[in-house]
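Presented below is the structure to which this report refers.
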Amino acid sequence: MTTSDAAATPSATPAETTAGTPATAAKPAARDPWDLPDVSGLVIGVLGGTGDQGRGLAYRFARAGHKVIIGSRAAERAQAAADEPQLSSLGVEGAANADCARRSDVVIVAVPWEGHAKTLEALREDLAGKLVIDCVNPLGFDKQGAYALKPEEGSAAEQAAALLPDSRVTAAFHHLSAVLLQDPEIAEIDTDVMVLGERRADTDVVQALTARIPGMRGVFAGRLRNAHQVESLVANLISVNRRYKAHAGLRVTDV
């Protein structure tokens, strides 16, 4: 072998061992599930912000330092809710649903189940590209109490995803007490929040937003196909609250 032949002969590549067998590629380090993005500058819109749940979420996020816009079918009604001292002191604004959707980075859907589909159908273009958090619980009530409804799409969240194909739909905030959310004397909301969605980047943002409210923690709970179970559990919590005169929440252990 000449000097030039030796120079042209390749040595073992990094992908091979000295015996010529393929080397095992190193696995990437597992990602820390609690390494969440900074969401402090996001503008939050709340569709259905004039209702108890929506008003409570608006108050908590505004109290955490977010710009919050309440949405309603009638701008005047939204502004009237925003003008209440508890919200106006935190800079909350009111707007018609379409304006609320356009001006917000993240939009929480907190409308009554009966108006869920109609509301979202009308806002398809305004919500395009937005991160949408659906917290609607399809429930029925009779003499025996609350019971879960099963939407044709599978859940309220899946209905939202079907109606908003250009939005990034997630689901969260189903099990929160509106009474506790709106009580200014309560500094921390002692509960975990089940977060569902199709893209980790989106559910990470929702988890990070949840953590902006003291006492609350967002826990990833699967894709939207699992949302029905989460939405339905509210019927059980209503029964708990009635029996024990409480405002029950959830905690996930060992995570």
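Counted the way the working numbering counts, the sequence shown spans residues -15 to 239.
Idealized CB from N, CA, C, for every residue including glycine.
What three-state label does DSSP hand residue 28 in the structure shown?
It is a strand residue.
Should residue 186 and residue 71 be called a contact, given that it needs their Cβ atoms to be closer than 8 Å?
Taking 8 Å as the Cβ cut-off, residue 186 and residue 71 do not qualify as a contacting pair.
Looking at the secondary structure, which residues open and close the alpha helix (DSSP H) in which residue 142 lies?
From DSSP, the alpha helix (DSSP H) with residue 142 extends over 140 to 147.
Quick one: complete beta strand (DSSP E) runs, 3+ long, within the region 153 to 219?
You should have 175 to 181, 200 to 204.
Just to confirm, are residue 107 and residue 153 a CB contact at a threshold of 8 Å?
Cβ atoms of residue 107 and residue 153: not closer than 8 Å.
Please determine, among 181, 75, 91, 74, the residue with the shortest C-alpha to C-alpha distance to residue 81.
The shortest C-alpha separation from residue 81 is found at 91.
Could I get the ranges of all uninterrupted beta strand (DSSP E) runs contained in the region 27 to 113, with 3 residues as the minimum, in chain order?
The qualifying runs are 28 to 31, 52 to 56, 77 to 80, 90 to 93.
Determine whether the beta carbon atoms of residue 224 and residue 232 lie at a separation below 8 Å.
In this structure, residue 232 lies closer than 8 Å to residue 224 by Cβ.
Using the three-state DSSP reduction, which class does residue -7 fall into: helix, strand or coil?
In this prediction, residue -7 has a pLDDT of 48, which is less than 50 and means its spatial position is unreliable; nothing more can be read from the coordinates.
I want to know whether the region 184 to 198 touches the region 37 to 48 - three or more CB-CB distances under 8 Å.
Touching, yes.
What three-state label does DSSP hand residue 221 in the structure shown?
If DSSP states are grouped into helix, strand and coil, residue 221 belongs with the helices.
Grab me the residues of residue 133's own chain with a C-beta within less than 8 Å of its C-beta, minus the 5 sequence neighbours each way, in chain order.
Closer than 8 Å at Cβ, skipping near neighbours: 97, 122, 123, 124.
Can you list, in chain order, the residues of its chain with a C-beta nearer than 7 Å to that of residue 218? Leave out the 5 residues immediately preceding and following it.
So the list reads 121, 123, 158, 159, once near-sequence residues are dropped.
If you check the beta carbons only, do residue 54 and residue 27 fall under 8 Å apart?
The answer is no: Cβ separation not under 8 Å.
Go through its chain and collect everything with a Cβ distance to residue 155's Cβ below 6 Å, but skip five positions before and after it.
Around residue 155: 118, 141, 180, 211.
Name the two residues that bound the continuous beta strand (DSSP E) containing residue 233.
Unbroken run through residue 233: none, as it is neither H nor E.
Can you tell me the Cβ-Cβ gap for residue 94 and residue 138, rounded? I've got them flagged as a contact below 8 Å.
Residue 94 to residue 138, Cβ: 20 Å. No contact.
Tell me which residue opens and which closes the beta strand (DSSP E) that residue 116 is part of.
Run containing residue 116: 115 to 118, per the beta strand (DSSP E) assignment.
Cα-Cα, which of 216, 176, 213, 221 is closest to residue 202?
Among 216, 176, 213, 221, the Cα nearest to that of residue 202 belongs to 176.
Check whether the Cβ atoms of residue 62 and residue 79 sit closer than 8 Å, and answer yes or no.
Result yes, Cβ atoms of residue 62 and residue 79 sit closer than 8 Å.
With burial defined as no fewer than 16 other Cβ atoms inside 10 Å of the residue's Cβ, what is the status of residue -6: buried or exposed?
The predicted position of residue -6 is uncertain, since its pLDDT is 48 and thus under 50; a value taken from the coordinates is nonetheless stated next. Classification for residue -6: exposed.
Closer than 6 Å by C-beta to residue -2: which residues in its own chain qualify, once you throw out the five before and the five after it? Chain order, please.
Its pLDDT being 49, under 50, residue -2 is placed unreliably in this model, and the value from its coordinates should be taken loosely. Correct list: empty, nothing qualifies.
Closest by CA to residue 76, which one among 24, 102, 101, 49?
Per the Cα distances, 49.
My output table needs one value for residue -2: the three-state DSSP class, helix, strand or coil.
Low confidence applies to residue -2: its pLDDT is 49, below 50, so where it sits in the model is not reliable enough to give any reading.
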